[in-house]
Amino acid sequence: MTDAELFPLLDLDTLPEVQTAFAATDIPAAKAALATHIRQRRSPQWLFDHRDRPTPTKKAEDFPKALARERREFTFGFHGAPDFTTQFGESIDWAANPTKGEFKTHLWNECLNRHFHFDELSQAYWETGDERFVRALTRDWIDWVEHNPRPEDSGNSVQWPYGSYAWQTLTTAIRLEASWPNAMYRCLDSSEFTDDLIVAMMGSVCDQAGHLVQWPTRNNWLTEECMGLYTAGVLFPEFKEAAQWRRIAIARLYGQLTDEVYPDGAEIELAAGYGFWVLRNFISLMERARVNGLGHELPDDLVERLEKMFEYPLSVSTPDGRAPGLNDSSNADVTGLLCTGHELFPQREDFLFVASRGEEGTRPEQISTGLPWSGHYAMRTGWDADALYMLVDSGPYGSAHQHEDKLHFVLHAYGRQLILDPGNYSYDASRQRQYVLTTPGHNTVMVDGIGQHRRGNEATYCWPRPWEGEAPPDNDTLWVSTDEFDVLRGTYRDGYGRPLSPKTHGTRRPESDEYDVLHTATHTRRIIFLKPDYWVIADTMVPADGGEHSYDSLFHLDAEEASVDGDSGAVRTHTDGPNVAIRPLADAGLDVEIVKGREEPCQGWGNDPWRPVPTAIFSFSGKGTRWATYVVEPLARGESPGVSAMVRIESSAGPEALGIEVRHESGARDVILLKHQPSSETAGTATFGEWELDGEIGVVRLSAELGVESVCLAGADRLSRDGEAVG
């Protein structure tokens, strides 16, 4: 946009000195008048103001990153992948991307064009008063505007990974929402923040706002696009279209609460980091409206409708105040978010309790929580820091940032994570990226050496609309929670993906790999929490044919080392703190190995930081219905396993049922009776020795004297012992 094209887009009636100069075709005077107005205006308000800059107390040498940017040296790295650095010459190549090989990624060029270095340069100026940082900022800012005119397309269809992402809508939004206003409001008092820069910046802001109006997307991108558009409309009311930019942004954001947030408060990407970013953007929307006297433009029920979005992080939070890093997320702290939630909803003392890690507020009434819309189920012993906690994923694939991880779980106990999700990795072409995306990186079951595959099957991404009621009509996850037990049953039936080109890393993003989807088997996982002691995980594998198939159950352990007991096949970690023991039901042909830090194929890794972790793999094979059952027992520091044995109880229902007795060192015993969803041939009551069960799941806890202490039924009505009902 030229200077002459800019001024007609301004509301010149509110800028009389600019109007006079422009009417006289004195463009230099009009530019000077506009720049003076921007420097001297007292509103709109931002997070800080150049007039409030404190007396400098630091030196340029205290900001090595800013000094590197001043000499045009840029380094970016992402989620465990190597850093890549480029030293530019006289000017920046805004299409540059030095990443290569397996680690080539679009993220490098995105970061360059999101102008994160504007924050580094302006912050260095703010704290030092050194004008060289503003001089470098002005140099790069004007250079970017001159070399990156608005394109005719959305800017989102760049040939991956190389090329310029300058006008990608997400990148555009990040500039308008944060990078540019932060730099402007820190540096307006500097003599190096020139009239030419202010005018060039405003012309580009107008172009970028128009770009975001024209090319809306969805998910977290749309939220950020709206925030970029809204921020431009708030901070530059001099434009005739500023109010319209705000209206469009608000309408799109408000629509997302209906279109992209489930009734349980989860954003439909089902990746905590992205979902919480969406929520924080709504918080920013309200705050920017408030400080600028624009709250009346927001929908009356906006705050009310956000309450459920705070309930989701509360519901899934670990004992140390984080949300597990499912899909493309790392474990995400929820305490700051819930602190804001309590400020908005002061009656929600449970928000404050988790935000303060139990120091303030009121303990949530519900302990274990089932969220059938997101498919996230949290099992807990309580809300204290040492509580036992497991989160199970039995839900949709997610609208974006998906991982092949249905029926995956994570475990936290006695103050630390014991079984982990691998987290996120750079969006590159590496085997590490492929690993975190696919089933080998998760705590579930592989079939015939291949993992789940829902990518491309859009019917699995989100629940069908309308999203009404406590649970989706098609939800087939069974959830029962009592004071003594939690029971979950979920099923994966969407096929397993055999790569058509197994070794593609280094050539393209794993998300674009092609697969032959085989409906080899159906996996049903039943998880029973016998509070407050341990979990039983029972996997039922039902093949689609009469052939033999192999199965691998994976457990990624958050520890340095783990060992296998040669007699029982039990695996346990060895740390100075809490540990976990995994005991399989002894079965002929069951093998166990521990893999740690394997490069090819990638196995035994975790992120934040990227590191090798021992991963227990229990392998078995056979024809027909196969069961694999495990006791997962968290151990406090210095504690030995309390479970001494797990034995099978024979059943009249044959392979369609499984009975086990878990024996404890104390002499107590637990009986778990499971009947797979019955066919007509196996319907009715199943007998397990002295026990009879008329449905799917029955659990009995027995004392050392073998008296019944507690009973749980799920998908069943009656459990009897020697003909006498016990539940």
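First residue of the sequence shown: 34, per the numbering used here; consecutive thereafter.
Positions of the beta carbon are idealized from the N, C-alpha and C atoms, including for glycine.
Close CB contacts of S699 within its chain, under the 8 Å cut and outside five residues either way in sequence, are with G675 and A737 (chain order). Just so you know, the alpha carbons of Y218 and R147 end up roughly 17 Å apart. In the three-state reduction of the DSSP assignment, F651 falls in the strand class. Three or more Cβ pairs closer than 8 Å define a contact, and the segment 451 to 464 meets that threshold against the segment 108 to 123. Excluding residues up to 5 positions away in sequence, E517 and R734 lie with their Cβ nearer than 7 Å to the Cβ of S743 in the same chain. Between F136 and P115, the CB-CB gap stays under 8 Å. In the DSSP assignment, D703 falls within the beta strand (DSSP E) that extends over R702 to K708.
For T606, the enclosing beta strand (DSSP E) begins and ends at V604 to T606. DSSP places P617 within a strand segment (E or B) once states are collapsed to three.
Between L421 and H409, the C-beta spacing is not below 8 Å. The secondary-structure analysis by DSSP pairs T119 across a beta bridge with F107. DSSP, reduced to helix, strand and coil, places L453 outside both helices and strands of the structure shown, so it counts as coil.
If you draw a straight line from the Cα of V665 to the Cα of S348, it comes to about 22 Å.
Below 8 Å, too few C-beta pairs join the segment 49 to 66 and the segment 256 to 268 to call them touching: fewer than three.
The beta carbon of G639 sits closer than 7 Å to those of L453, P455, G456, H589, D591 and V646, all from its chain and outside the five residues before and after it, given in chain order. Taking a C-beta distance under 8 Å as the contact criterion, T606 and V597 do not qualify as a contact pair.
According to DSSP, V513 shares a beta bridge with V520.
K564 places its beta carbon 8 Å or farther from that of T351.
Take E185, set aside five residues on each side of it, and no residue of its chain has a beta-carbon closer than 7 Å to its own.
Between P611 and A669, the C-beta spacing is below 8 Å.
If you keep only unbroken alpha helix (DSSP H) runs of at least 4 residues inside the segment 373 to 436, you get 382 to 388.
A residue is called buried once 16 or more other Cβ atoms fall within 10 Å of its Cβ, and E293 is buried on that count.
For S583, no alpha helix (DSSP H) encloses it; the enclosing beta strand (DSSP E) starts and ends at H582 to H589.
Under the DSSP assignment, E344 falls in the alpha helix (DSSP H) whose first and last residues are L335 to V349.
Contact between S237 and M34 holds, since their C-beta atoms are separated by about 7 Å, short of 8 Å. Judged by pairs of C-beta atoms under 8 Å, the segment 469 to 479 touches the segment 431 to 439, as three or more such pairs exist. Close CB contacts of A276 within its chain, under the 8 Å cut and outside five residues either way in sequence, are with G266 and P270 (chain order). Leaving aside the five residues that flank L45 on each side, the residues in its chain whose CB is nearer than 8 Å to its CB run, in chain order, V51, Q52 and F55.
DSSP places R165 in the uninterrupted alpha helix (DSSP H) bounded by E164 to H180. For the pair H556 and R542, the Cα-to-Cα distance works out to about 28 Å.
Between the segment 315 to 330 and the segment 426 to 436 there are fewer than three C-beta pairs closer than 8 Å, too few to call the two in contact. If you ignore the 5 residues before and after S677, its C-beta comes within less than 8 Å of the C-beta of R696, H697 and E698, all in its own chain and listed in chain order.
Taking the Cα of G369 as reference, the smallest distance to any Cα among R396, L359 and F386 is reached at F386.
Remark: C-beta atoms of P89 and E160 approach each other more closely than 8 Å.
Between A233 and the set P182, G580 and Q247, the nearest pair of CA atoms involves P182.
Excluding its 5 nearest sequence neighbours in each direction, I281 has C-beta neighbours in its own chain below 7 Å: V246 and L262, listed in chain order.
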